[in-house]
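Chains A and B, in that order, are what the protein sequence lines are.
Okay, so the first sequence: first residue is 14 according to our numbering, each after it adds one.
Okay, so the second sequence: first residue is 14 according to our numbering, each after it adds one.
For glycine and all other residues, C-beta sits at the position ideal for the given N, C-alpha and C.
Number of protein chains: 2
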Amino acid sequence: MSDQAFSFRVTHTEGGARCGVMTTPHGPVSTPAFMPVGTQGAVKGAAHRDLESIGAEILLSNTYHLYLRPGDDLIARRGGLHRFIGWNKPILTDSGGYQVFSLAERRKISEEGAHFQSHLDGSSHLLTPEKAADIQAQLGSDIAMVFDECLAHPATLEATEASTLRTLRWADRARTRMMQLRDSHVDGVVVTNKGQAQFGIVQGGVFPSLRERSACETVRLGFEGYAIGGLSVGEPVDVMYEIVARTTPALPADQPRYLMGTGTPEDLVEAVARGIDLFDCVLPTRNARNGQLFTSEGRLNIKNVRYAEDDGPVDPLCTCYTCRTHSRAYLRHLYAVNEINAATLNTLHNLSFYLDTLSRIREAIEFGRFESFRLAFHQRLSRQSGGSEPPECARS
Amino acid sequence: MSDQAFSFRVTHTEGGARCGVMTTPHGPVSTPAFMPVGTQGAVKGAAHRDLESIGAEILLSNTYHLYLRPGDDLIARRGGLHRFIGWNKPILTDSGGYQVFSLAERRKISEEGAHFQSHLDGSSHLLTPEKAADIQAQLGSDIAMVFDECLAHPATLEATEASTLRTLRWADRARTRMMQLRDSHVDGVVVTNKGQAQFGIVQGGVFPSLRERSACETVRLGFEGYAIGGLSVGEPVDVMYEIVARTTPALPADQPRYLMGTGTPEDLVEAVARGIDLFDCVLPTRNARNGQLFTSEGRLNIKNVRYAEDDGPVDPLCTCYTCRTHSRAYLRHLYAVNEINAATLNTLHNLSFYLDTLSRIREAIEFGRFESFRLAFHQRLSRQSGGSEPPECARS
Numbered sequence: 014m015s016d017q018a019f020s021f022r023v024t025h026t027e028g029g030a031r032c033g034v035m036t037t038p039h040g041p042v043s044t045p046a047f048m049p050v051g052t053q054g055a056v057k058g059a060a061h062r063d064l065e066s067i068g069a070e071i072l073l074s075n076t077y078h079l080y081l082r083p084g085d086d087l088i089a090r091r092g093g094l095h096r097f098i099g100w101n102k103p104i105l106t107d108s109g110g111y112q113v114f115s116l117a118e119r120r121k122i123s124e125e126g127a128h129f130q131s132h133l134d135g136s137s138h139l140l141t142p143e144k145a146a147d148i149q150a151q152l153g154s155d156i157a158m159v160f161d162e163c164l165a166h167p168a169t170l171e172a173t174e175a176s177t178l179r180t181l182r183w184a185d186r187a188r189t190r191m192m193q194l195r196d197s198h199v200d201g202v203v204v205t206n207k208g209q210a211q212f213g214i215v216q217g218g219v220f221p222s223l224r225e226r227s228a229c230e231t232v233r234l235g236f237e238g239y240a241i242g243g244l245s246v247g248e249p250v251d252v253m254y255e256i257v258a259r260t261t262p263a264l265p266a267d268q269p270r271y272l273m274g275t276g277t278p279e280d281l282v283e284a285v286a287r288g289i290d291l292f293d294c295v296l297p298t299r300n301a302r303n304g305q306l307f308t309s310e311g312r313l314n315i316k317n318v319r320y321a322e323d324d325g326p327v328d329p330l331c332t333c334y335t336c337r338t339h340s341r342a343y344l345r346h347l348y349a350v351n352e353i354n355a356a357t358l359n360t361l362h363n364l365s366f367y368l369d370t371l372s373r374i375r376e377a378i379e380f381g382r383f384e385s386f387r388l389a390f391h392q393r394l395s396r397q398s399g400g401s402e403p404p405e406c407a408r409s
Numbered sequence: 014m015s016d017q018a019f020s021f022r023v024t025h026t027e028g029g030a031r032c033g034v035m036t037t038p039h040g041p042v043s044t045p046a047f048m049p050v051g052t053q054g055a056v057k058g059a060a061h062r063d064l065e066s067i068g069a070e071i072l073l074s075n076t077y078h079l080y081l082r083p084g085d086d087l088i089a090r091r092g093g094l095h096r097f098i099g100w101n102k103p104i105l106t107d108s109g110g111y112q113v114f115s116l117a118e119r120r121k122i123s124e125e126g127a128h129f130q131s132h133l134d135g136s137s138h139l140l141t142p143e144k145a146a147d148i149q150a151q152l153g154s155d156i157a158m159v160f161d162e163c164l165a166h167p168a169t170l171e172a173t174e175a176s177t178l179r180t181l182r183w184a185d186r187a188r189t190r191m192m193q194l195r196d197s198h199v200d201g202v203v204v205t206n207k208g209q210a211q212f213g214i215v216q217g218g219v220f221p222s223l224r225e226r227s228a229c230e231t232v233r234l235g236f237e238g239y240a241i242g243g244l245s246v247g248e249p250v251d252v253m254y255e256i257v258a259r260t261t262p263a264l265p266a267d268q269p270r271y272l273m274g275t276g277t278p279e280d281l282v283e284a285v286a287r288g289i290d291l292f293d294c295v296l297p298t299r300n301a302r303n304g305q306l307f308t309s310e311g312r313l314n315i316k317n318v319r320y321a322e323d324d325g326p327v328d329p330l331c332t333c334y335t336c337r338t339h340s341r342a343y344l345r346h347l348y349a350v351n352e353i354n355a356a357t358l359n360t361l362h363n364l365s366f367y368l369d370t371l372s373r374i375r376e377a378i379e380f381g382r383f384e385s386f387r388l389a390f391h392q393r394l395s396r397q398s399g400g401s402e403p404p405e406c407a408r409s
């Protein structure tokens, strides 16, 4: 770890899209960037060296899961999450808000925070804005997220407003705690990454006025970056795009913008067009394990009998190890006979496709041809969409 | 694939141990060699490139499994097993005898062959010496094994003798079929590897006289190499060593000798000392998935709580990716939270340990210090064996 503080620099723009470099204590990230999801400190089915070989520059990991197992105290004793998992590049940690929200009847939200029962053993826990900041300080991720409240879609304006205001009060508490942690004023918390940044999260559901208010007030609290949360939770995709388009102008142009839990390759292109710099999503990894592969010509389900004797690669335009080495016929066989290598080879391809898509996006913006890239990207997909199937789900 | 015919050359000997080079249509194999087990055309948890990176020169795959799924006809239409799975180095295929034997009450042995019901869907099949040769001709492995009868241990002398004589009659039929296949005289069979070698299998249970008779008569049939089968099936380890020691002198010195389904690292060293050139075993891969790791200091179960805060590598003497990158604490975490990467990282280490052990054995023989290597190997293990646990089982 260097002493490099967190910073962000936009290098090129085209319309709403921009590319740049986000610098963290564990090195730079070229944006727009996709963060593979390593919920429990590992990307399911991909070794770190595989991730590095396909250009991953930053991982996402989850406060909720690591807090329960192996525990943030244990990780702090190991020197922090980077050292514990053997990954020396940047890491962003989700705050646990979304995971606690997903526990449904096993959690109860109060002004103090979220009381919940572990999905593992039913043990009782309390996660507050302060506690989530403390855990992430012990993990020592490069970017910590504030603890937010997530609402199910659909929700009424009244419920969304109340929740959004609570998230704002929580953000205020989280920022206050962050400042205390930076001054090492919190007993019992080992800060394992002095340069950790903290991002606020804009909520507001599908209501533009609430989104704008949430954005303004979150920005007023003064974070190192801003996320848009509470999307990709079941709302129509055009609503999601519209909310993103209405929110990004309210966020500082010189700070990174992170769209949480999104999405399909098409979503990434559209969100970049609306000013997003960072993404995470379980789609490429989870769908890989279920046999659904993303390609330049749309999605394909490798279990389909039509691939049983198909000697071609998953994606003729892809240069990943899986596509260079194996046929659809072999990958279908591996899936059909339940080989573990089906999961790992499919995961490598899907993540390659996502990271490669982001790489193309960055290059297109840099050379001022993002709009033509975007058009060609969608045209190619729509030409082939007859055989394509919808993705399974979005956020973890 | 080259037109290189199968050959074997011993380059160095020390006592009963020897090292050499086995040349196949898909390239050379330095012996003594360990063959990772890729039952269904994939080594569970290790990509081909991982295997190559740790020095694997030959894989084992299984006739029984590939015959059922995806079928040898489909693989022949793909150009053979090498092309189907994307592995361009040597492959040996087991004949299916052991797998059919393992079906217990779902198989019935007659002079013709083995009638059995698929473990997958209960469908009825007949595997004969000729059929097993035909399937392997379609798979196009570099080394095909004859179809043998395997007995459970313990078995009486009478039962073992009857079974051994049947295996000899089957070997005769298998060899006859092989000659017809080489002359392309078998209708409906696509020979995908013209240079395929065929190995005979010595049976005879734990009875030295039967073993010697089986060896002599199998050698008389004239194969390109010879295996010792029916060991590592429950007999005491010293009995196994004794049978190997009594059998290898009855096998040609200028042809490869393969001890099937064995064994622990200690077994490999002892079998090499008794003249064995080739090994396969599911121990390193299967035990890896169960959290048992082989090290220069003995076995360790990574799930043990004692490793929860152990920042050291699995084996301080190992240079594999897993040991270079990850701590016991992290690997224990991955196992505890059921991450797929626990299986892949553990598998990579265990296979590295096996292949590295064989590499050290070859080097020791080459430099005439195998006996001191053997002594040091066992001494190191016995010094540490207090914490070591027995392996789970041997053959697949």
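For P41 (chain A), no alpha helix (DSSP H) run applies; the uninterrupted beta strand (DSSP E) run containing it begins and ends at 40-44, by DSSP. Across the region 78-93 of chain A, CB contacts with chain B closer than 7 Å involve R82, P83, L87, R90, R91, in sequence order along the chain. At a cut-off of 3 residues, the continuous stretches assigned as beta strand (DSSP E) that sit fully inside the region 291-322 of chain A are 291-293, 305-308, 311-314. Between A389 (chain A) and E279 (chain A), the alpha-carbon positions lie close to 11 Å from each other.
Along the region 332-344 of chain B, going in chain order, the ones with a CB nearer than 7 Å to a CB of chain A are Y334, T338, H339, A342, Y343. Under the Cβ distance rule, E322 (chain A) counts among the residues neighbouring chain B, one pair being separated by less than 8 Å. Not flagged as an interface residue toward chain B: R186 (chain A), since no C-beta distance is shorter than 8 Å. Cα atoms of R233 (chain A) and S227 (chain A): separation of roughly 10 Å, rounded to the nearest angstrom. For V23 (chain A), the uninterrupted beta strand (DSSP E) run begins and ends at 20-27, by DSSP. By the neighbour-count definition (other C-beta atoms within 10 Å, threshold 16), V202 (chain A) is a buried residue. As a beta-bridge residue in DSSP terms, R270 (chain B) pairs with B:Y239. Fully contained in the region 99-165 of chain B are the following alpha helix (DSSP H) runs of length 4 or more, in chain order: 110-114, 142-152.
Secondary structure remark: continuous beta strand (DSSP E) runs of at least 3 residues inside the region 319-372 of chain A: none found. With three or more CB-CB distances shorter than 8 Å, the region 364-377 of chain B counts as touching the region 62-73 of chain B. When 7 Å is used as the limit between beta carbons, V350 (chain A) is near these residues of chain B: Q53, R82, in chain order. Going by C-alpha positions, I71 (chain B) is about 16 Å away from N206 (chain B). Considering only beta carbons, no part of the region 208-238 of chain B lies closer than 9 Å to chain A.
The C-alpha of A210 (chain A) lies about 11 Å from the C-alpha of Y239 (chain A). V203 (chain A) sits in coil when the DSSP states are folded into three classes, being neither helix nor strand. The alpha carbon of D369 (chain B) has as its nearest neighbour, out of B:S43, B:K121, B:A342, B:R182, the alpha carbon of B:S43.
Secondary structure within the region 52-83 of chain B: the alpha helix (DSSP H) runs of 4 or more consecutive residues, fully enclosed, are 61-66, 76-81 (chain order).
At a cut-off of 8 Å between C-beta atoms, K57 (chain A) counts as an interface residue with respect to chain B.
T231 (chain A) sits in a helix when the DSSP states are folded into three classes. Its chain contains V113, F114, A127, H128, F129, Q130 as the residues whose beta carbon lies nearer than 8 Å to that of R120 (chain A), once the 5 sequence neighbours on both sides are disregarded; these appear in chain order. Per DSSP, the continuous beta strand (DSSP E) segment holding Q211 (chain B) begins and ends at 210-215. Residue contact with chain B for N363 (chain A): absent (no Cβ-Cβ distance below 8 Å to any residue of chain B). Look at the region 92-118 of chain B: the residues with a C-beta under 7 Å from a C-beta of chain A are F97, I98, G99. DSSP places A30 (chain B) inside the beta strand (DSSP E), whose first and last residues are 30-37.
Taking V252 (chain B) as the centre and dropping the five residues before and after it, the same chain places the C-beta of V219 closer than 6 Å to its C-beta, in chain order. In its chain, beyond the 5 residues on either side, F97 have a beta carbon closer than 6 Å to the beta carbon of R91 (chain B). Check the Cα spacing between E27 (chain A) and each of A:H166, A:T173, A:R287, A:G58: the tightest is with A:R287.
Residue nearest to L164 (chain B) within the set B:Y343, B:T180, B:G153, B:S154 is B:T180 (criterion: CA-CA distance). Around A356 (chain B), the beta-carbon contacts reaching into chain A at under 7 Å are I353.
Listed along chain B are Y334, each with a C-beta nearer than 7 Å to that of R62 (chain A).
A distance below 6 Å between beta-carbons, with the five flanking residues on each side excluded, links M273 (chain A) to the following residues of its chain, in chain order: A240, G242.
The CB of L347 (chain A) comes closer than 7 Å to the CB of A55 in chain B, given here in chain order.
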